[in-house]
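Written out below as structure tokens is the structure these notes cover.
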Amino acid sequence: MSTDPKAYDSEPLHLFYRNPEKNSYAAPSRPTAVLGVHVAHKGFQAGSCLGFGIGTLVMLVRGRRGLKLLRGLTKVVAGTSTFGSAIGVSMAANKIQSLPKSEQQDGIEDRAFRIFHNRKQNRVDRFSCIGMGAGVVGGCLLLGLTPSAVVGGAGLGSVGAIVAHVAIPFEDE
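Structure, rendered in structure tokens:
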């Protein structure tokens, strides 16, 4: 990885995390990618949270406990998180297309710049990505390597990470 601050925002590992000490007012080099990933990620998070809330209630009402509860919950969260991402991306595409052609690129760049420099946004995204990774590992270890264990585990990990983000105080400068 480069230590040159000017090359900082073009490195792929920094899509969800930007060190605030480097390139304080630089614009992201790929604003469309930053915005697209942000919208898909937020849709995934929203779908995961919704699926977790509804899925937990449904599974408990059905009398499922233990591993049956977890298996059912991962299936519900896998569906709602995937649906949330699809809805988020389609709504963003519709919003961008509704803008006049002259404003589309400026709007994308402006929103990507604000996402890129929002420290709390970077923090919750970083927490969520770590939680998604942990959720995938946990889901696959407990339920086997199935699509619902992978996507549902990522969704459940994301929910846990969002809760951790809210619970752990954030020192904003």
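Going left to right, the sequence shown walks through residues 254 to 426 as the working numbering numbers them. In this text, a Cβ means the ideal position worked out from N, Cα and C, and glycines have one as well. This structure is a prediction, so every number in the text was calculated from the model and none was measured.
Selected residue, minimal CA-CA separation from residue i, among the options
i           : options               : result
residue 290 : 368, 402 and 347      : 368
residue 313 : 326, 302, 301 and 303 : 326
residue 280 : 361, 380 and 387      : 361
residue 419 : 403, 378, 400 and 392 : 378
residue 285 : 306, 363 and 321      : 363
residue 288 : 321, 358, 318 and 401 : 358
Where the alpha helix (DSSP H) containing residue i begins and where it ends
i           : result
residue 402 : 400-420
residue 369 : 354-369
residue 392 : 372-396
Whether residue i touches residue j by CB criterion (8 Å)
i           : j           : result
residue 302 : residue 415 : yes
residue 395 : residue 323 : yes
residue 343 : residue 385 : no
residue 373 : residue 423 : yes
residue 380 : residue 417 : yes
Min CB distance residue i to chain D below 8 Å
i           : result
residue 370 : You won't find chain D in this structure, because it holds only one protein chain.
Original post:
At what residue ranges does the stretch 302-351 contain a whole run of the alpha helix (DSSP H), taking only runs of 4 or more?
Top reply: 319-351
**OP:** Would you be able to state if there are at least three C-beta pairs under 8 Å between the stretch 401-420 and the stretch 322-331?
**Re:** yes
Original post:
Are three or more beta carbon pairs between the stretch 293-300 and the stretch 337-350 nearer than 8 Å?
Top reply: yes
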